[in-house]
C-alpha cells in the first residue's frame, strides 16, 4: 500500500475537527502516547487506550509509514489527588517493597498484559525516573523564559506569566479564567503564587525515598514534565501525533503544551488524539464502588461480572466495535455477542479455501476493499470496518450454501484482505481450535462415554478407558 | 526449609576459597548481578551466567531467604576495545536507529530469551542511562576524596593515588605493578595521567548522540561506574553477593571495588561469585571465526552445529551438568546426551504415581535428600546434584521392574523432593507428553472405543461418538 493512495483523516482534539493527516516528514512519523503509572495492575480502561493506539500504529505502518513510537512509563512524580503522596511510594509502603521494586513488578505485569493483547512493542519506552537530567534542564529553560518560579525548593509553572505570551488550555478549550475558577487544590498550594499553577519540581519531604539533587532541592519532578522532556528527547520539538486517554486532555496535556511552548515556542504535536472511557455495566469503573474489573480477571473468568472467561482477542474485538472516541460499555452480553461475532468471522475465514469456484463472482471485491480503507481512513472507524467485514462474512456463507458465486481471483483477494484487515491491522488472531482446548474437550468426551457405559454396567469398556487414560497420564476417579 | 539448617558455602573470588555464607541481615539478602549490554542479541555464554545466578537466587529463596535481586542493563558507556566507539551507538549507526531504539529492541529480545529459559525476573532491573545523576554524584565524591582528576572535560580514576590508600586488584589478584605492565590502551589515553587509569566520565565528541550535562562536560559515564552507583542506590553500600561472568572480574569488578572503596570506604559485596566460560566444539565462541551460536538458533534448530533443535529446558539442564565455575563445552553430542538424560528423569518422575507400594523401602530417602542438600550447599554443585537425581531415577525404574521395593511414605517423599530439586530449584520443567501428541492419542482412543462398541452393535454410542467428534471438527469415516 503506498502512502499517496491514502487520505487518512484524524480527529484532532486541538481543532476539534477531522483533518487530513499530513506528516512532518514524508515517510517517517513520530508518535508519543502517555503510558501507564506503574503503581498498580493496569486498568482495563488504560488497555483500551493502548489497544487503540496499537491499531493506529499498525494502520500507519500498513499504509507505508515508518514510525518511531514512544510510550512512556511513569515511575515517579505522579501524586495522589489532593496530596503530596507519590502513587508509587504509597504502594511501596503497602507492599513493603523498595519503590523501584514496585516499579519493576508492575512494569513486568503491564508488559505481560500488553503481550496477551498482542500489542506491538513501542520503539522506545522511556521512564520518568530515567530522565531526571532532561527534566531539570527543561525546568531551567522555563525559569529562564520567565514562566516558572522557585519557592522553598519547589518550582512552579506560572500560568499568569505564561498566559501573557501564549494561550493556555487550547486542548480542553479552557481559558485562564475557567482554569482559575475550576482550580482544585491538587497539590499543597502554600508555596504557589496562584492555585492554578502546577509543580515542575517538588522538594521532597524527609520520608520521601525517590529524590534527586537539583539546583533547587533534593526532590522529584512534577508529573506533567516527564512527557514534555521525553517526547522532546526522542521525537524532537515538533512531532506528528500525541495520544492518550481523554482524562489526560486536561490538565496533563494542556500542561505539556504550555511547558513545550514555554521552552520550544511551539505546541509539540500536530495531531492530538484522545481515546474515550470504558464503563462497566453502564457505570464508571471504580474500586471504591466495587464496579471494577482487571484484564486478567476477564481472561481467566475469575470475576463476578461475566458468566465465562473471554480471551484477550475477544476483549480486543469487543473494543473495536465502538469507535475509539466513543464511550464504550463492557458487559456480559456485549462480550458474548463479540465472541459469537468473532467466531463467525473466524469460521468464514477458514471456510474460504474450501469454497467452490465459479466463473463469475456475485461480489465486487475491489469496491469492498475500497470501502474498508475509506472507513479506516475516516479517523480509524472500526465499527464501520467491522460492519464491512460482516458483509463479506455473509457473502462467504452464502457461497458455501450455494446461494452466491465466487470466482478464483475473488477468493484469493477476499482471503488476503480479510487477513490484512483482521490480522495485520486490527491485530486479532484467527486460530483454529487450539490443541489445549481440544484436549479438554476430548477428555470430557471420553469421560462422558465411560459414564454412559458404566451406567449400563459395561465395566469391560469402562476399565479399558480408565487404564488407557491413566497411561496417557490422565487420572480418573470413580465417583461411586 | 529453615535457614538455620543450612550450611551453604560459596566460593568467594575475593578470598579464593569456599566460605560459609553469612548474610548481613538475618533473612534479607542483597544480590547484584552484572547484566547484558543491549547492543546485540544476548550471547549464549551470558545466558549461562544468568542461568547460574537464577539457580543461586532460587536456592537462596528455597532455603528461606528474602532476596532483593538487582540485575542491570548497560545501555550507555560500554566502549569497544581500543576505541571511543560506544557499542550501542555503533549498532544504532548500522541499524539506522536512534540509540534508545537499539536499547529497546535488544532489551526486549533479551527478556524474551530469559523468559524462554524460565528465569525469575530480577526485583529491580536498572539501566545505566536512567542513573546519570547517581553516577555524576559518585564521580564528585571520588574527586573530592582525591582519587580522580578531570582533564579536558573527562574524569579519570587515579590508580596511583587510590593505591596509596587501598589495594587495587583484590579480585583478580593483581597488584598495581601488574596492572601497569598489562595496561592495554583500552581508551584514548592522551588525557590520562597514567595508562592504567580508567574513565569515570568521558567528554562526548560532537557526533555522539547519547550525552548528558555534567560539571565537567557534555558527556557520558564510564562503563565501570554504573554498577557501583546502581548497586549502592538499590542495595546500599554493603550487600551480600555480587556476581557476573568471569571475564568481568578484571577490570570491571576490580574497578567497581576501587570506586566503592574510594567513596564508601568499603568493598561493596561480601561474596564475589563468578561464572565460567562456555565454549563451542572445544573452541572459544567468536563471531570472527564463525564458531558462534545464538540461543534462538539452538531452540529452532536453525544452525550448522547441531543435528536437531533443543529446547531451552534441555540447554539449561545441559549447563547444570558442569559446575558454574567450570568451563563448559557445548556440542551436538553433549546436548543429545543431556536430552536423553533429562527425558529419563522426566519419565521416572511421571512413573512414581503408578509404582506398586510395598511395606518396606529399599532406598533411604532421608539420607538421599541430605546428600542433595549437601551438594547444593557445597557452592551449588549441580553436577553432583544431578548424579544424585540419577540415583533416584535408577531406583524408580528398579521399583517399576519389581527389582526394588518402595513404601507409601517414600513414594510421596521422592515425588516431592524430585519436584523441589528439579522444578523449583533447578527451574526445569517436567512436561507430560505434549498436548499435540495427547490430541492424537485421545482421538485414537475414542476411535478405538467406537470400533469396539460398533462391533458389539452398540450403535447408540458409536453414533454419539461420531457426532461429538464431528462437532469438534474431527471427521470420522466408517470403514464398513
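Chains as they are written, first to last, in the working numbering: chain A, 813 to 1292; chain B, 813 to 1292.
All C-beta atoms in this analysis are idealised placements derived from N, C-alpha and C, irrespective of residue type, glycine included.
Asked, Found
"Can you name, in chain order, every residue of its own chain whose Cβ lies under 8 Å from the Cβ of residue 952 of chain B, other than the five neighbours on each side?", "1027"
"Would you say residue 1050 of chain B reaches chain A, if we count a Cβ-Cβ gap shorter than 8 Å as a contact?", "no"
"Given a limit of 9 Å on CB to CB distance, which residues of the region 896-918 of chain B reach chain A?", "909, 910, 912, 913, 915, 916 and 917"
"Tell me which residues of the region 923-942 of chain B have at least one Cβ-Cβ distance to chain A shorter than 9 Å, keeping chain order.", "923, 933, 934, 935, 936, 937, 938, 939, 941 and 942"
"Evaluate residue 1214 of chain B with the Cβ neighbour count: other Cβ atoms within 10 Å of its Cβ, from every protein chain shown; 16 or more gives buried, anything less gives exposed.", "exposed"
"Less than 8 Å between the CB atoms is what I'm expecting for residue 1034 of chain B and residue 1062 of chain B, so what's the real figure, rounded?", "Incorrect: roughly 16 Å between the Cβ atoms, too far for contact."
"Per DSSP, residue 832 of chain A is paired with what?", "A:821"
"Hey, how far is the Cα of residue 934 of chain B from the Cα of residue 883 of chain B?", "6 Å"
"Evaluate residue 886 of chain B with the Cβ neighbour count: other Cβ atoms within 10 Å of its Cβ, from every protein chain shown; 16 or more gives buried, anything less gives exposed.", "buried"
"Residue 978 of chain B to residue 858 of chain B, Cα distance in whole Å?", "31 Å"
"Output needed for residue 1177 of chain A: all residues of its chain with C-beta closer than 7 Å, excluding positions within five of it in sequence on either side, in chain order.", "1222, 1225 and 1226"
"Measuring CB atoms only, is the region 1044-1059 of chain A touching the region 970-985 of chain A, in the sense that at least three cross pairs come out at less than 8 Å?", "no"
"Would you list the one or two residues that DSSP bridges to residue 962 of chain A?", "A:967"
"In chain B, which residues lie less than 8 Å from residue 1013 of chain A when you measure between Cβ atoms?", "Those do not exist, as residue 1013 of chain A stays about 13 Å from chain B at its closest Cβ, beyond 8 Å."
"Does the pairing of the region 1012-1020 of chain A with the region 911-930 of chain A give three or more beta-carbon distances under 8 Å?", "no"
"According to the Cβ coordinates, are residue 915 of chain A and residue 907 of chain A closer than 8 Å?", "no"
"Can you list, in chain order, the residues of its chain with a C-beta nearer than 7 Å to that of residue 960 of chain B? Leave out the 5 residues immediately preceding and following it.", "951, 954, 967, 968, 969, 970 and 1012"
"If you follow the alpha helix (DSSP H) that residue 1153 of chain B is in, where does it begin and where does it stop?", "1144-1163"
"Using a threshold of 8 Å, state whether the C-beta atoms of residue 1258 of chain A and residue 1276 of chain A are closer than that.", "no"
"Which same chain residues, not among the five before or five after residue 1097 of chain B, have their C-beta less than 8 Å away from its C-beta?", "855, 856, 857, 1090, 1091, 1103, 1104 and 1105"
"For residue 1093 of chain A versus residue 1143 of chain A, is the C-beta spacing smaller than 8 Å?", "yes"
"Go ahead and label residue 1253 of chain B buried or exposed: buried means 16 or more other beta carbons lie within 10 angstroms of its beta carbon, across all protein chains shown.", "buried"
"The region 1012-1043 of chain B: which residues have C-beta closer than 7 Å to a C-beta of chain A, in chain order?", "1024 and 1025"
"Would you tell me roughly how many angstroms separate the C-alpha atoms of residue 878 of chain A and residue 869 of chain A, rounded to the nearest one?", "10 Å"
"If we ignore side chains and look at the alpha-carbon of each, how far apart do residue 939 of chain A and residue 1045 of chain B end up?", "17 Å"
"Check each residue of the region 846-877 of chain B: if its Cβ is closer than 9 Å to any Cβ of chain A, include it; give the result in chain order.", "none"
"Excluding five sequence neighbours on each side, which residues of the same chain lie with their C-beta closer than 7 Å to the C-beta of residue 1084 of chain A?", "824, 825, 826, 983, 1054 and 1065"
"Counting only beta-carbon separations shorter than 8 Å, does residue 1195 of chain B have a partner in chain A?", "no"
"Identify, in the order they occur along the chain, each residue of the same chain with its Cβ nearer than 7 Å to the Cβ of residue 892 of chain A, setting aside the five sequence neighbours on each side.", "899 and 902"
"Mind reading off the beta-carbon distance from residue 867 of chain B to residue 1239 of chain B? Whole number of angstroms is fine, and I expect it under 8 Å.", "7 Å"
"Would a check of beta-carbon distances place residue 1251 of chain A closer than 8 Å to chain B?", "yes"
"If we cut at 8 Å on Cβ distances, does residue 1110 of chain A have a partner in chain B?", "no"
"At 8 Å on the CB atoms, spell out the chain B contacts of residue 1236 of chain A, in chain order.", "Within 8 Å Cβ-Cβ: nothing; residue 1236 of chain A doesn't reach chain B, min ~20 Å."
"Inspect the beta-carbon positions of residue 1285 of chain A and residue 1244 of chain B and report whether they are closer than 8 Å.", "yes"
"List, in order along the chain, the chain B residues whose C-beta lies closer than 8 Å to that of residue 949 of chain A?", "1025"
"Could you pull out every residue in the same chain whose Cβ sits closer than 6 Å to the Cβ of residue 881 of chain A, ignoring the five residues on either side in sequence?", "843, 869, 934 and 935"
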